[in-house]
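Read through the structure below, which is laid out as structure tokens, and then see the notes.
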Amino acid sequence: MKDQAENLRQLVNNRDDRQPTISTLNTRILTITSGKGGVGKTNFVINLGILLQKMGKKVLIIDADFGLGNVDIMLGLSSPYNLAHVIFNDVDISDVIIEGPAGIMILPGGNGLLELVNLKPKQLESFIKKLEKLDSTVDIILIDTGAGLSTNNIKMILAANEVILVTTPEPTSLMDAYSVIKIVSQIEQDIHFNLVMNKVENIDDANNNIKNIQKAGKRFLNVEISTLGLLDNSSVVSKSIKTQCPFVLEYPHSKISKQLKSIVNSLMGSDNGKNTINMSTYICRLFKLFENR
Ligand SMILES: Nc1ncnc2c1ncn2[C@@H]1O[C@H](COP(=O)(O)OP(=O)(O)OP(=O)(O)O)[C@@H](O)[C@H]1O
Ligand SMILES: [Mg+2]
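For the sequence shown, the numbering used here assigns the number 2 to the initial residue and increments by one for each residue that follows.
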């Protein structure tokens, strides 16, 4: 008789596939991360999600910061549940998701994703079934991760098809962003990095920094790094965080809102339809990665 671990491995192996499947039910999953903390990921994810939703996409934000998730706090929302309740308790995914501004959906992750490896095969199968419901209700999933080079964060990136790496023009932030690309590309070459430079004070300096990181990526890592765009260091951001109303809603005509719109256009322009996967495939990938701790 096969043991439990063997059963799980088989379940995961049968489902995992890096090749895209052509299905209308697939979802575009974008993982947002950074090398250094506090560069503006969560704020970026929320505002990006709202713009995408306003364009007619159904957006789900998964708060996957294993440390201190705060997508809901930034929006003044709260949920009694997180993903761990879906995994271990009889809670349905729809009861965990909270509705945010403009109709975006938010799924607080808690430590749920880290718990995947502790599941029994039946629990994993049932969790996957619950998640599969999302494929028909969501077009784009934005995963807000923690920062840094911790094993867990690198694994979250390795599970992704597309990564948005947020950095600021500060040398330490750039260096840490480069280190993330280096570590990930040495393990998995198929992951595409899109750079967003946030808190920009001087556009020429920012563009030079981007060129340098792109050159280094190509020369030393054989990796093409795309740029989605720049966002100014703007007082509008802290004002909107204080009122818990995202800047694209509170200040839609501000420069930073226009810059974000241009980033959204780049992002939609780079969608070749090949990067969508279904939720079960994604979860199985995560499972495999976190299994090898
Ligand atoms: N473009 C910007 N201009 C000015 N301030 C900004 C900008 N973007 C973010 N901030 C500020 O930077 C701080 C950190 O933002 P945020 O929490 O989104 O970063 P983070 O990368 O998610 O942090 P963590 O790594 O802790 O999750 C906040 O106080 C926010 O107001
Ligand atoms: Mg954050």
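Cβ coordinates follow ideal geometry from the N, Cα and C atoms, glycine included.
Enumerate in chain order the residues of its own chain whose CB-to-CB distance from residue i is below 6 Å, with the five nearest sequence positions on each side excluded.
i	result
Ser24	With a pLDDT of 48 at Ser24, under the threshold of 50, the predicted position of this residue should be treated as unreliable, though the coordinate-derived value follows. Hits under 6 Å: none found.
Val265	Leu52
Could you pull out every residue in the same chain whose Cβ sits closer than 7 Å to the Cβ of residue i, ignoring the five residues on either side in sequence?
i	result
Asp156	Per the sequence presented here, residue 156 reads as Lys, with Asp not at that position. The residues are Leu290 and Phe291.
Met280	Thr28, Leu132, Glu133, Leu135 and Asp136
Ile105	Gly50, Ile51, Gln54, Val60 and Ile62
Gln190	none
Thr152	none
Ser241	Pro247, Phe248, Glu251 and Tyr252
Which two residues bound the contiguous alpha helix (DSSP H) that contains residue i?
i	result
Ser359	Residue 359 cannot be examined here, being either before or after the span of the chain that is shown, 2 to 294.
Cys246	That residue, Cys246, is in no alpha helix (DSSP H); it is neither H nor E in DSSP.
Asn266	Lys256 to Gly270
Lys219	Counting along the chain, Lys219 falls outside any alpha helix (DSSP H), and DSSP gives it neither H nor E.
Glu292	Met280 to Glu292
Only counting the same chain, and skipping five residues up and downstream in sequence, which positions put a Cβ closer than 8 Å to that of residue i?
i	result
Tyr179	Gly36, Ile214, Ala217 and Gly218
Lys42	Ile33, Thr34, Ser35, Asp145, Thr146, Ala148 and Val167
Asp206	Pro170
Glu94	Just to set this straight, residue 94 is Ile in the shown sequence, not Glu. Closer than 8 Å at Cβ, skipping near neighbours: Val87, Leu108, Lys131, Leu132, Lys134 and Leu135.
Taking 8 Å as the cut-off, does the CB of residue i come closer than this to any heavy atom belonging to ligand 1?
i	result
Val259	Reading the sequence as shown, one finds Lys at residue 259 and not Val. No, Cβ of Lys259 sits at least 8 Å from all heavy atoms of ligand 1.
Lys256	no
Ser236	yes
Leu78	no
Ala160	no
Ala178	no
Ile155	no
Ala148	yes
Lys200	yes
Does any residue of chain B bring its CB to less than 9 Å from the CB of residue i?
i	result
Asp272	Here chain B cannot be found, since the structure has a single protein chain.
Beta carbon nearer than 5 Å to a non-hydrogen atom of ligand 4: Inclusion of ligand 4 in the displayed structure is not the case, the ligand content consisting of ligand 1 and ligand 2 alone.
If you scan the segment 34-110 from start to end, which runs of the alpha helix (DSSP H) of 4 or more residues do you find wholly inside it? 42-55, 72-75, 84-89 and 94-97
Which runs of the beta strand (DSSP E), 3 residues or longer, sit entirely within the segment 127-192? 141-148 and 163-168
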